[in-house]
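Here's the structure, in structure tokens; my notes come after.
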Amino acid sequence: MPGVAARSLVFACLALHATTFTLSRQEPTIKLPPALASHHSQTADGMKLQSSTIANLQKVIEASQDGIASVVLMGDSTIAGLAGEFLDLTSWWEVYVANDRPQKYHGSEGPIEPGQDWGVDVECPTCTQKRFDVARAAVQRGKAATAKLHSQNCTWAGGIETFAMGEPLRGLLVHRWGFLPEYGEACWQSCMADAMKELKPTAIMWNVGLHLLNHRFDVATCSRRSNPAKYNCGDYQEMVHHGMSQLAFATPTLVWRTTNWVCEPKIIQHNPHLKSDLDMWQLEANRPSLEDKCKLECPKYAEKDCYNWLMNGRATELQYNQSMAAVTQAKTALRGRGEQLYVLDAFKLSRQCCENEVGCDETEDGEHYQGLDAALANELSSIMLNNLWAY
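Remember, the numbering used here sits 34 above the position in the sequence shown when you count from 1.
Given below as structure tokens:
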């Protein structure tokens, strides 16, 4: 599936800028990402989904008090695919970037150093176009959110990119928050909710999931990735509950996107060398020795059941059940405010795809389901529309 690699490249290498610049009075050149634009096969169903998503978002923009609506999409590469669906809807203009990765973030205008941010300079008093007003607000909010995080010794655990959308969605901001536990010290901290309040989002959709799982438990893997041992990562239900309870005060519409079902046949097809590991864990008689080996080579898992953190369907089903219980728990605790909490159920959709007898063409690697992103984006836009109320 060519779109998979294209999307990964786009979100890893979007054109960022190292310094600010002043715009002329003319409308800035906005761009359509070719890799993303070409991802959609222009089938009747695909075009119908896009049209429905655009119509929903237009109504959300119209209902906003200041003519600006925004959505935060937080999570790993599975969320990048969904963000790509939003960017596919129209042209866009990148206006703000913050980099909290451990390495430089390179773009066509130069690198952004770790811990630094960049925002387009839209100080143009004579410019009256709505695009400039939206961009100015986006930069101000982005800088305020980053400052709030950094003032509490927190980071984006990755980075955030803000896009001002073109017609027919002018007035919409898409904040793509690429969050990876590997780049931070925790899966949830209250400072994250504080930062979201500064962004003033119309809706937040978030997920932390696949990056807590490992394909293998050996020295090489665990030296790079032992995320369940980090703060607020090892108790998945509690992590989701904390996030839902605190983010609910940062947005009118809060959506938990469930983690995809890991499709083991597709994983093996994509990475045949993983078959022996998955097969060994399937046999109950093997698990005691595998657990011992895991704890020897991955000492940070000493208090964990490694089998619960293996990249397989069973582990994602555990995450699903625990996260659904956490959402219910948060709704009950929040009482009236719990009405604004929703679930975008990518787990059931991806599992149905994997278990389809004729095969699942919507995923190439068994973890990312790009073929389902258009439907999920449409469902998210429907949730935003159905929950309209003043921020």
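A virtual CB, placed ideally from N, CA and C, is assigned to each residue, including glycine. As the structure is a computational prediction, the values presented were derived from the model and not from experiment.
The straight-line gap separating the alpha-carbon atoms of residue 340 and residue 304 is approximately 23 angstroms. Residue 146 is bridged by DSSP to 139. Close CB contacts of residue 277 within its chain, under the 6 angstroms cut and outside five residues either way in sequence, are with 222 (chain order). With a 10 Å radius around the Cβ and a threshold of 16 neighbouring Cβ atoms, residue 82 comes out exposed. Within the DSSP bridge table, the entry for residue 248 names 344 as partners.
As the crow flies, the alpha-carbon of residue 172 is around 32 angstroms from that of residue 272. Contact between residue 418 and residue 168 does not hold, since the beta-carbon distance rounds to 17 angstroms and is not under 8 angstroms. In the three-state DSSP reduction, residue 124 falls in the coil class, being neither helix nor strand. Per DSSP, the unbroken beta strand (DSSP E) holding residue 206 starts and ends at 206 to 213. A Cβ-Cβ distance of about 15 angstroms is found for the pair residue 290 and residue 211, leaving them out of contact under the 8 angstroms criterion.
The shortest CA-to-CA distance from residue 130 to any of 120, 154, 113 is the one to 154. The three-state secondary structure of residue 335, taken from DSSP, is helix.
Taking C-alpha positions only, residue 294 is separated from residue 187 by approximately 31 angstroms. Taking C-beta atoms as the reference points, residue 91 and residue 206 count as a pair closer than 9 angstroms.
In the DSSP assignment, residue 408 falls within the unbroken alpha helix (DSSP H) covering 407 to 420. Linking residue 77 to residue 208 through their CA atoms gives a straight-line distance of about 25 angstroms. If the five residues before and after residue 366 are omitted, its C-beta is found closer than 8 angstroms to the C-beta atoms of 372, all from its own chain and listed in chain order.
Straight-line spacing of the CA atoms in residue 408 and residue 80 works out to 7 angstroms.
Cβ-Cβ separation between residue 299 and residue 267: approximately 28 angstroms, too far for a contact (criterion under 8 angstroms).
The alpha-carbon separation between residue 254 and residue 103 amounts to approximately 44 angstroms. When the five nearest sequence neighbours on each side are left out, the beta carbons in the same chain lying within less than 6 angstroms of the beta carbon of residue 242 are those of 221, in order along the chain. DSSP places residue 323 within a helical segment (H, G or I) once states are collapsed to three.
With fewer than 16 other Cβ atoms inside 10 Å of its own Cβ, residue 318 counts as exposed.
Secondary structure of residue 241 (DSSP, three-state): coil. Rounded to whole angstroms, the gap between the alpha carbons of residue 309 and residue 250 is 11 angstroms. With at least 16 other beta carbons inside 10 angstroms of its own, residue 361 counts as buried.
Residues of the same chain with a CB within less than 7 angstroms of the CB of residue 231, apart from the 5 flanking positions on each side, are 284 in chain order.
With fewer than 16 neighbouring CB atoms inside 10 Å of its own CB, residue 307 falls in the exposed class.
9 angstroms or more divides the Cβ of residue 288 from the Cβ of residue 422.
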